[in-house]
Amino acid sequence: MNIYQIIALVLPNSSGFKGARVLTTLYAIHLGAGPFGIGLLLSTYALFPLLLAVYAGKVSDRYGVRIPLLGGMMGMTLGVFLPFAWPTLPALFVAAAVTGAGFIFVQVSLQMLTGSLGVGAARTRNFNLYAMAVASADFIGPVAAGFLIDHRGHVATFFYLSLLNLAAVCGLLFMYRRIQTTATKSEDRKQQRMMDLLKSAELRRIFIVSAVVIAGLDLFQLYLPLYGHSVGLSASAIGMVLGAFAAAAFVVRAMLPELVRRYGEETTLIYSLYLAAATCLLIPFFSSAVVLGTIAFVLGLGLGLGQPLSVMLTYNHSPPGRAGEALGLRIAINNSIHVVVPAIFGAVGTVFGLAPVFWVNSAILAGGAYGGRRRKSQ
Numbered sequence: 000m001n002i003y004q005i006i007a008l009v010l011p012n013s014s015g016f017k018g019a020r021v022l023t024t025l026y027a028i029h030l031g032a033g034p035f036g037i038g039l040l041l042s043t044y045a046l047f048p049l050l051l052a053v054y055a056g057k058v059s060d061r062y063g064v065r066i067p068l069l070g071g072m073m074g075m076t077l078g079v080f081l082p083f084a085w086p087t088l089p090a091l092f093v094a095a096a097v098t099g100a101g102f103i104f105v106q107v108s109l110q111m112l113t114g115s116l117g118v119g120a121a122r123t124r125n126f127n128l129y130a131m132a133v134a135s136a137d138f139i140g141p142v143a144a145g146f147l148i149d150h151r152g153h154v155a156t157f158f159y160l161s162l163l164n165l166a167a168v169c170g171l172l173f174m175y176r177r178i179q180t181t182a183t184k185s186e187d188r189k190q191q192r193m194m195d196l197l198k199s200a201e202l203r204r205i206f207i208v209s210a211v212v213i214a215g216l217d218l219f220q221l222y223l224p225l226y227g228h229s230v231g232l233s234a235s236a237i238g239m240v241l242g243a244f245a246a247a248a249f250v251v252r253a254m255l256p257e258l259v260r261r262y263g264e265e266t267t268l269i270y271s272l273y274l275a276a277a278t279c280l281l282i283p284f285f286s287s288a289v290v291l292g293t294i295a296f297v298l299g300l301g302l303g304l305g306q307p308l309s310v311m312l313t314y315n316h317s318p319p320g321r322a323g324e325a326l327g328l329r330i331a332i333n334n335s336i337h338v339v340v341p342a343i344f345g346a347v348g349t350v351f352g353l354a355p356v357f358w359v360n361s362a363i364l365a366g367g368a369y370g371g372r373r374r375k376s377q
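Its first residue numbered 0, the sequence shown is counted upward by one per residue in numbering that gives the first Met the number 0.
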């Protein structure tokens, strides 16, 4: 197994998933859901990842990634396909839950598999390539969803996106025997507790910064479609704005090794958050798709580094034999943000409008950058 075979799985699977998230938002609007209902719907995507992330990591540590990876991809395919067979608002909630449950096993397994392919600079390179593949999927999925909605309708688009996930399942079956089955060994597993990981000051810092990045990503990716719809943008235009964000994330992740070499991981991450905070303030002042796309591109330059850096740091600082569990805990914390943030700010958007959502997003990012700088100086 090599990193390019992993990328071949990541691209179609993540593209279908990211496209389905945007499609779910726009179809829910089409069915009459308001900001609060959409916030709850999008929180549903994160419910099972929150509950199952640590368990998924332990499974990968103890038994290997083959079975959880295949089961997760099949679950995601079913979840994306479900609204095509049952095109109602309740079906969107069921589909979000099923897709989220499959996603967490896929994400932990792929991150574990990527980390196992090398050490040192080779591992950094592999994680960076993995992150660039995810960024590519962030572009492909929303853009494809937007154009398919405009030309084939919401319901049919669920079917077309599910074909991307199905392609990933077929690819996994083709290379199934190449995936290592040897689990990481660790002594005295019965004495290990999840809270032991939180006793590590370095891991705690990584988890907090990662959560701030996720909050910023959520408030942009989940509410930009609502804002775009409110100012009269078409589904294609909204998809292109989200695609600009993803394209920037790809560009900045390609620059990641050089940025880290020149400025260090801490400084790079802190100032990227400051850039994102400043950019997010601008969104509610504009309604042009071109201007919003430009803002989204700059915002993507700021937020694109948070996830790959936090994944690499989590893997590198995890105790021996517990990398999957540490990655799962990071994802569980992130998904607590996925659950809480859309629901809370869905209510904020309903009462105060969408502009305060983006301004609070800016404050969260700036606060995370300031907190990271302060911790660094102590």
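Just so you know, even glycine gets a beta-carbon here, dropped at the ideal spot from N, CA and C.
Neighbourhood of residue i by C-beta, 8 Å cutoff - its chain only, sequence neighbours within 5 removed
i      : result
Arg151 : Tyr159
Asp195 : Pro318
Gln4   : Met174, Arg177
Alpha-carbon spacing of residue i relative to residue j, whole angstroms
i      : j      : result
Tyr226 : Val251 : 25 Å
Pro224 : Glu201 : 36 Å
Ile28  : Leu39  : 13 Å
Arg203 : Ser317 : 11 Å
Glu264 : Ile207 : 15 Å
Lys17  : Leu165 : 15 Å
Ser361 : Val21  : 22 Å
Leu291 : Met111 : 36 Å
Gly15  : Val79  : 8 Å
Leu221 : Tyr262 : 31 Å
Gly370 : Leu300 : 20 Å
Val338 : Ser42  : 4 Å
Three-state secondary structure assigned by DSSP to residue i
i      : result
Thr156 : helix
Thr87  : coil
Arg321 : coil
Pro111 : Residue identity differs from the one stated: residue 111 is Met in this sequence, not Pro. Three-state DSSP puts Met111 in a helix.
Tyr222 : coil
Ser14  : helix
Phe285 : coil
Ser229 : helix
Gly242 : helix
Val340 : helix
Gly305 : helix
Val290 : helix
Lys198 : coil
Met131 : helix
Same chain, Cβ closer than 6 Å to residue i, five either side skipped, listed in chain order
i      : result
Tyr44  : Ala95, Gly99
Ala354 : Pro283
Gln377 : In this predicted model, Gln377 has a pLDDT of only 45, less than 50, meaning its place in the structure is not dependable enough to derive any value.
Gly71  : Gly101, Phe104, Val105
Option nearest residue i by Cα separation, candidates the options
i      : options                        : result
Leu326 : His228, Ser335, Thr313, Tyr222 : Thr313
Ile148 : Ile332, Ile294, Leu25, Ser361  : Leu25
Phe83  : Ala19, Gly71, Ile37            : Ala19
Ser13  : Met73, Gly366, Arg61, Ile178   : Met73
Ala120 : Arg260, Asn1, Thr266           : Arg260
Thr267 : Ser309, Leu197, Gly36, Ala346  : Ser309
Ala322 : Met0, Asp60, Gly36             : Asp60
Thr349 : Ile37, Ser161, Met0, Phe244    : Ile37
Val356 : Thr156, Gly215, Gly117         : Gly215
Asp114 : Leu91, Gly320, Ala236, Ala295  : Note that residue 114 is Gly in the sequence shown here, rather than Asp. Among Leu91, Gly320, Ala236, Ala295, the Cα nearest to that of Gly114 belongs to Gly320.
Contacting residues, own chain, Cβ-Cβ under 7 Å from residue i (five flanking each side not counted)
i      : result
Ala242 : Just to set this straight, residue 242 is Gly in the shown sequence, not Ala. Taken in chain order, the residues that qualify are Phe138, Pro141, Val142.
Val53  : Met193, Glu324, Gly327, Leu328, Ala331
Asn333 : Ser209, Ala210, Ile213
(message) Check whether the region 242-259 and the region 131-143 touch, using three or more Cβ-Cβ pairs below 8 Å as the test.
(response) In short, these stretches touch, since the Cβ pair count reaches three.
(message) Counting beta carbon pairs with one atom in the region 269-283 and one in the region 294-308, are three or more of them shorter than 8 Å?
(response) yes
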